[in-house]
Amino acid sequence: MSDILDKVTQSEYKYGFTTDIESDQAPVGLNEDIIRLISHKKEEPEWMLDWRLKAFEIWKQMDEPNWANVTYEKPSFQDIIYYSAPKKKKELASLDEVDPELLKTFAKLGINIEEQKRLTGVAMDVVVDSVSVATTFKAKLKELGIIFCSMSEAIKEYPDMVKKYIGTVVPRTDNFYAALNSAVFTDGSFCYIPKGVKCPVELSTYFRINEAGTGQFERTLLVADKGSYVSYLEGCTAPQRDENQLHAAVVELIALDDAEIKYSTVQNWYPGNAEGKGGVFNFVTKRGVCERNAKISWTQVETGSAVTWKYPSCILKGDNSVGEFYSVAVTNNYQQADTGTKMIHLGKNTKSTIISKGISAGKSHNSYRGLVKMGPRADKARNFSQCDSMLMGDRCGAHTFPYIEIQNKSAKLEHEATTSKIGEDQLFYCNQRGIGTEEAIALIVNGFCKDVLNQLPMEFAVEAQKLLEVSLEGSVG
Amino acid sequence: MLTIKDLHAGIEKNEILKGVNLQVKPGEVHAIMGPNGSGKSTLSSVITGREQYEVSKGSIDFMGEDLLDFDPEERAHKGIFLSFQYPVEIPGVTVSNFLKTAINETRKAQGLEPMPAKDMLKKMREKMNLLEMDKGFLSRSLNEGFSGGEKKRNEIFQMAMLEPKLAILDETDSGLDIDALRIVANGVNKLRSADNAVILITHYQRLLDYIKPDFVHVLWNGKIVRSGDKSLALELEEKGYDWLKTETLAQ
């Protein structure tokens, strides 16, 4: 086993390379002028600039949160470049117009856009360093009245809609990082599904941090109108960096009456090297609100980042609404993850399910933090939570912090938790059947995460399995 | 096929095997009996390459190769199979997925293509029939919530699928009722051939009523103190081990 652990620390991040794309960037630091510059560069209307400036005022009054079970050197907000865009930006209708360097990057990651388009019918809005450079399948979606575009474009083309919904689920005052994001977000995705429309394809966005020293502040807003359905996939990988990179995204989901949103994430930001140097700080606020009979389902596979601080949540506002959270979080080497969910039951007969699987290896720490709240009007609300942790080796940690607030006597809540260890017995058993230790780990881990992986759309599930294997590669000798 | 010479092995300087000699030829069935703590399970662990056990002296030759040079999975690829006394649970991994991985990893090591899914399924069905197993078995999580009997039957099922050259059955009879014992033994007998060999590790002679051994060895205090044919097992059943201990000590 000691052999095994030594090898854990030798596993290198496979996606550590940078793409040579010219970029246009703002000076280092943060002040009102930088915000004006961002807004100007993006040709935003006045109201958007005002909204940003107000957020900046709020942010200045706030302190960085320190309640999470993570320790790290706080980023210096004046040393970050807040705007960076690939230079040759123009309207792109087809992949031929995309910078070939970028296409090469995707090929290295095994993400062949053309193949994806052709084989899987996935429409992708590719985000590199905060600006969308390729949007596909748009025309097809347009026929159905589905809007799927970059946030910058939405602000210009659909200002009323953006104005109506932005900040309604995650207000600027919500938390330190949400306020920061509101002030400086550079791009992201916007999606609107009209009444009664079932989106026929999985909408997908690949995020990627690219420019050294740029913080990435994505803003995603997804509105599913009454009776509509959408499945949205978000995945990311980041190139290797020495200094820490800050990623503070905000995702807001709005599911109106009878609508359903399935939001799946595979997160693989650079986790830092085996000595715990470098890596992305991932401080994300993701939240959705469900109106009557609506359903929001979050599925996440988190393998990357040096520090993760992320709680995709559901506000079950409407009666009979449903919230789900399925999560796999893997930490290795010196990674730290504090992740979980909040299920806020406000309406009657609201239901929520939480399935969380944490895997810790190396010297990492993996925490589940979850809140289940049943409000006074949430008659007969129900929750089921299951938090399982798996430890690899004896130098890592798994922690569970469940918070429960019940204000209604008819509410029902179940919580189950287990902790297990990949044992030498299990590994030897696999070895004896001819399965090498690496494959055995992959097999055992995939079995452990099955309930969550099953929630992912097929093509994403395969990718996620591959990622789990890569993340734990070399973790056993 | 298997030649063990003067094998000394143990855990953390605690010597358990103190000079074991054993020769197994293709087509043979050997039974190893002995009281608790005599080193029977240690012997199977050492042959299959369990990491915690250290070999301090002696050799194990398997089909012309020094087995001690190889990792557990490599030994498995060469055709050594252990039916575990206590099979472990692997939650979320189905019996069929586990077997598919095991078979294809072994094929890969032998330079063969993965077995086509259709052939795999056909073979699984065939072997399950042989062991009178329910079809639903394949989609259950490996050993999770299995009864003692189901676990043992699953071990023999895997053996049938992997078709090893040398199978070591470590107390496969323990925890089996008489019907299950008959089915398992029947399965083992059907898989016997002139090319493969079986080592049965057991406390009781009742298993030997079903699987007839060519040789019976008594392991005591880390050594094989007596070898004989089936009649030795019957003698032990009748008289226990004490007379052998006394006899050995007197020598």
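Chains as they are written, first to last, in the working numbering: chain V, 21 to 497; chain R, 48 to 298.
C-beta atoms are modelled at their ideal positions from N, C-alpha and C, and glycine is treated no differently.
From a predicted model like this one, the values you see are computed outputs, not experimental measurements.
Query raised in the report: Does G456(V) come within less than 8 Å of chain R when only Cβ atoms are used?
Result: The Cβ of G456(V) sits closer than 8 Å to at least one Cβ of chain R.
Query - D53(R) - DSSP class collapsed to helix/strand/coil - result: Residue state, collapsed to three classes: strand.
Query raised in the report: With 16 as the cutoff for other CB atoms within 10 Å, does E177(V) come out buried or exposed?
Result: Taking all protein chains shown into account, E177(V) has fewer than 16 neighbouring C-beta atoms within 10 Å of its C-beta and is therefore exposed.
Query raised in the report: Looking at the C-beta of Q485(V), does it have a partner C-beta in chain R at a distance below 8 Å?
Result: No, because no Cβ of chain R sits closer than 8 Å to the Cβ of Q485(V).
Query raised in the report: Do you know how far the Cα of D217(R) is from the Cα of A242(R)?
Result: Note that residue 242(R) corresponds to Asp in the displayed sequence, not to Ala. For the pair D242(R) and D217(R), the Cα-to-Cα distance works out to about 21 Å.
**Report entry** Burial state of T188(V) (16 or more Cβ within 10 Å)
**Finding:** In the assembly as shown, T188(V) is an exposed residue. Its beta-carbon has fewer than 16 other beta-carbons within 10 Å.
Query - Nearest-angstrom Cβ-Cβ length linking K199(R) and L223(R), presumed shorter than 8 Å - result: Contact holds; Cβ gap of about 6 Å.
Report task. Would you identify the three-state DSSP class for P220(V), choosing helix, strand or coil? Result -> Look at P220(V) here: in three-state DSSP terms it is coil, with no helix or strand label.
Query raised in the report: Out of W71(V), K183(V), N293(V) and Y103(V), which has the shortest C-alpha to C-alpha gap to I54(V)?
Result: Measuring from the Cα of I54(V), the nearest candidate turns out to be Y103(V).
Query raised in the report: Got a sec, what are the start and stop residues for the beta strand (DSSP E) W498(V) sits in?
Result: The structure shown does not extend to residue 498(V), since chain V is modelled only from 21 through 497, so no value can be given for it.
Query raised in the report: Since S341(V) and A314(V) are thought to touch, with beta carbons under 8 Å apart, how far apart are those beta carbons, to the nearest angstrom?
Result: Between the beta-carbon of S341(V) and that of A314(V) there is about 5 Å, and that keeps the pair under the 8 Å contact cut.
Query raised in the report: Helix, strand or coil: which one does DSSP assign to G196(R)?
Result: Three-state result, G196(R): helix.
Requested in this report: Give, in chain order, every residue of the segment 408–441 of chain V whose Cβ lies closer than 7 Å to some Cβ of chain R.
Outcome: Residues passing the 7 Å Cβ filter: none.
**Report entry** Given 8 Å, three or more beta-carbon pairs between the segment 476–485 of chain V and the segment 280–288 of chain V
**Finding:** With the cut-off at 8 Å, the segment 476–485 of chain V and the segment 280–288 of chain V touch.
Query - Segment contact, 8 Å Cβ cut-off, at least three pairs: the segment 115–135 of chain R with the segment 199–214 of chain R - result: Result yes; three or more Cβ-Cβ pairs closer than 8 Å.
Report task. Answer yes or no: does any C-beta atom of chain V fall closer than 8 Å to that of V245(R)? Result -> No - not a single Cβ of chain V is within 8 Å of the one on V245(R).
Query raised in the report: Does DSSP put N151(R) in a helix, in a strand, or in coil?
Result: Taken through DSSP and simplified to helix, strand or coil, N151(R) comes out as helix.
Report task. Check P259(V) in the structure and name its three-state DSSP category. Result -> Below a pLDDT of 50, predicted positions are generally treated as unreliable, and P259(V), at 49, falls in that range; no measurement from the model is reported.
Requested in this report: State yes or no: is the C-beta of G292(V) within less than 8 Å of the C-beta of E311(V)?
Outcome: Going by C-beta atoms, G292(V) is not nearer than 8 Å to E311(V).
Query - Euclidean distance between Cα positions of A481(V) and S409(V) - result: Their Cα atoms are separated by approximately 20 Å.
Query - 4 or more residues per run - each alpha helix (DSSP H) lying fully within the segment 399–463 of chain V - result: Complete alpha helix (DSSP H) runs here, min 4: 444–452.
Requested in this report: Determine the burial state of W290(R): buried for a count of at least 16 other Cβ atoms within 10 Å of its Cβ, exposed for fewer.
Outcome: Here W290(R) is exposed: its Cβ has fewer than 16 other Cβ atoms, across all protein chains shown, within 10 Å.
**Report entry** Under the three-state DSSP convention, the category I167(V) falls into
**Finding:** Residue state, collapsed to three classes: strand.
Query - Integer Cβ distance of E272(V) from L241(V), believed to fall under 8 Å - result: Here E272(V) really is in contact with L241(V); their C-beta atoms are around 5 Å apart, less than 8 Å.
Report task. Could you name each continuous beta strand (DSSP E) segment of 3 residues or more that falls completely within the segment 82–157 of chain R, going from the start of the chain to the end? Result -> Complete beta strand (DSSP E) runs here, min 3: 100–109, 127–130 and 137–141.
Query raised in the report: Taking Cβ-Cβ distances shorter than 7 Å, what residues in chain V pair up with I137(R)?
Result: Contact annotation for I137(R) against chain V: Q446, I464 and G467 [CB-CB distance below 7 Å, chain order].
Query - Burial state of L296(R), where buried means 16 or more other Cβ atoms lie within 10 Å - result: That one is exposed.
Report task. Please confirm if Q299(R) has its CB atom under 8 Å from at least one CB of chain V. Result -> Absent from the structure is residue 299(R), since the part of chain R shown begins at 48 and ends at 298.
**Report entry** Whole-angstrom distance between L283(R) and G66(R), CA atom to CA atom
**Finding:** Roughly 22 Å separates the two Cα atoms.
Requested in this report: Check each residue of the segment 110–144 of chain R: if its Cβ is closer than 9 Å to any Cβ of chain V, include it; give the result in chain order.
Outcome: Flagged, chain order: D118, P119, E120, E121, R122, A123, H124, I127, F128, L129, F131, Y133, P134, V135, E136, I137, P138, G139, V140, T141 and N144.
Query raised in the report: Going straight from the alpha carbon of A232(R) to that of S88(R), what length do you get?
Result: About 20 Å.
Requested in this report: Leaving out five residues on either side along the sequence, give the residues of the same chain with a beta carbon under 6 Å from the beta carbon of F210(V).
Outcome: A distance below 6 Å between beta-carbons, with the five flanking residues on each side excluded, links F210(V) to the following residues of its chain, in chain order: C169, M171, A174 and L241.
Query raised in the report: In chain order, what residues of the same chain lie with their CB nearer than 6 Å to the CB of A462(V), ignoring the 5 residues before and after it?
Result: Closer than 6 Å at Cβ, skipping near neighbours: E489.
Query raised in the report: If we count the other Cβ atoms within 10 Å of its Cβ and call it buried at 16 or more, is N190(R) buried or exposed?
Result: By the neighbour-count rule (16 or more Cβ atoms within 10 Å), N190(R) is buried.
Query raised in the report: At a Cβ threshold of 8 Å, is E197(R) touching chain V?
Result: Interface residue (Cβ-Cβ distance to chain V less than 8 Å): E197(R) is not classified as such.
Query raised in the report: Taking C-beta to C-beta, are P95(V) and I166(V) nearer than 8 Å?
Result: In this structure, I166(V) does not lie closer than 8 Å to P95(V) by Cβ.
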